[in-house]
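Report on the following structure.
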Amino acid sequence: MTDPLLQVEDLSISFPSANGPVRIVDGVSFSVGREVVALVGESGSGKSMTGRAIMGLLPSRAQVAAARLSFDSQDLTALPEKGWNSLRGSGMGLILQDPKYSLNPAHRIGRQVEEALLLHTKLSAAERRERALDMLDKVGLPDVGRIYSSYPAVLSGGMGQRVMIAAMLINRPKLLIADEPTSALDRGLQDQILTLLRSLSEELGMGLLLISHDLQQVSRYADRVMVMRRGKIDEQMVSADLANAKSDYTRALWAARPSAATYGTRLPVYGEQP
Numbered sequence: 014m015t016d017p018l019l020q021v022e023d024l025s026i027s028f029p030s031a032n033g034p035v036r037i038v039d040g041v042s043f044s045v046g047r048e049v050v051a052l053v054g055e056s057g058s059g060k061s062m063t064g065r066a067i068m069g070l071l072p073s074r075a076q077v078a079a080a081r082l083s084f085d086s087q088d089l090t091a092l093p094e095k096g097w098n099s100l101r102g103s104g105m106g107l108i109l110q111d112p113k114y115s116l117n118p119a120h121r122i123g124r125q126v127e128e129a130l131l132l133h134t135k136l137s138a139a140e141r142r143e144r145a146l147d148m149l150d151k152v153g154l155p156d157v158g159r160i161y162s163s164y165p166a167v168l169s170g171g172m173g174q175r176v177m178i179a180a181m182l183i184n185r186p187k188l189l190i191a192d193e194p195t196s197a198l199d200r201g202l203q204d205q206i207l208t209l210l211r212s213l214s215e216e217l218g219m220g221l222l223l224i225s226h227d228l229q230q231v232s233r234y235a236d237r238v239m240v241m242r243r244g245k246i247d248e249q250m251v252s253a254d255l256a257n258a259k260s261d262y263t264r265a266l267w268a269a270r271p272s273a274a275t276y277g278t279r280l281p282v283y284g285e286q287p
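In short: position in the sequence shown from 1, add 13, done, that's our numbering.
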């Protein structure tokens, strides 16, 4: 593992309820360097909450505690909102699963891709446009001049996700968190987007935290994998060792990958439900 950009120690997240606080994330610890790390778990495991805590995007009612939560040696536990606004889009970026909920339909694509530059740099309009066109090209979009001037409605799902990647990377953050970035796409497009993210992380020297429910798929692109269950990290390992996982839960998730022999049948995942 490379020197860590992100360090998380004993992170817990709770929400108030009529019966007292409900703990969603319970004592999670991990680090991410300039590498690709996958955080994998079923729905409700706490993986997306963990990603949002790192970005400072949890709702105000969330109760967050951590022995350490730092990015690039900066303590995030006491960061004021002004500090978060400066950090997001410059030091860290976040990609969500469906671009149609992230892109503003009333604004042209070029304006949205340039937003981080407008907020965090003093580049001229011409310089911002040049950087945006270059990034749209880098993420594999055709006819970038036309796309730059278009509205999101003209984009397919795969093109929309590429635009979101361009928008998040245009200011060259050190860490990108991708929360289920391909779940709204078909399988072929999923692999294209994950290949692109892996390639860009290497080209830009960036850390990438991939959050996903699909262990088999993301393991092909990640250097390391963390399996999350019931708010805890159940197991961590390099991707190449998944076939020899020690945790019964990890082995069950790995064995549950679909095949022609099991098509149409229900595949069990052993252990207690979250």
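Yeah, the Cβ is synthetic: ideal placement off N, Cα and C, and Gly gets one too.
- Under the DSSP definition of a beta bridge, MET239 partners with LEU52, GLN249.
- Non-local beta-carbon contacts of ASP150 in its own chain, meaning distances under 7 Å to residues more than five positions away in sequence, involve VAL157 in chain order.
- Taking one beta carbon from each stretch, the stretch 182-193 and the stretch 203-222 have 3 or more pairs nearer than 8 Å; the two touch.
- Fewer than three Cβ pairs drawn from the stretch 45-55 and the stretch 24-32 lie within less than 8 Å of each other, which leaves the two stretches out of contact.
- Straight-line spacing of the CA atoms in GLY201 and THR208 works out to 11 Å.
- Of all C-beta pairs linking the stretch 128-138 to the stretch 100-107, three or more are shorter than 8 Å, placing the two stretches in contact.
- Residue pairing for VAL21: DSSP places it in a beta bridge opposite PHE43, LEU82.
- Ranked by Cα distance from ARG233, the first of ILE37, PRO155, SER212 is SER212.
- Here GLN174 is not near SER83, since their CB atoms are 8 Å or more apart.
- Around the beta carbon of ALA31, fewer than 16 other beta carbons sit within 10 angstroms, so the residue counts as exposed.
- When C-beta atoms of the stretch 262-271 are compared with those of the stretch 56-73, fewer than three pairs fall below 8 Å, so the two segments do not count as touching.
- According to the DSSP assignment, MET105 belongs to the beta strand (DSSP E) that extends over 105-108.
- The secondary-structure analysis by DSSP pairs ALA191 across a beta bridge with ILE108, LEU223.
- Taking a 10 Å sphere around the C-beta of LEU132, we find fewer than 16 other C-beta atoms and assign the residue as exposed.
- Taking all protein chains shown into account, ASP254 has fewer than 16 neighbouring C-beta atoms within 10 Å of its C-beta and is therefore exposed.
- Setting aside the 5 residues that flank it on each side, ASP147 has no residue in the same chain whose C-beta is closer than 7 Å to its C-beta.
- Secondary structure of SER27 (DSSP, three-state): strand.
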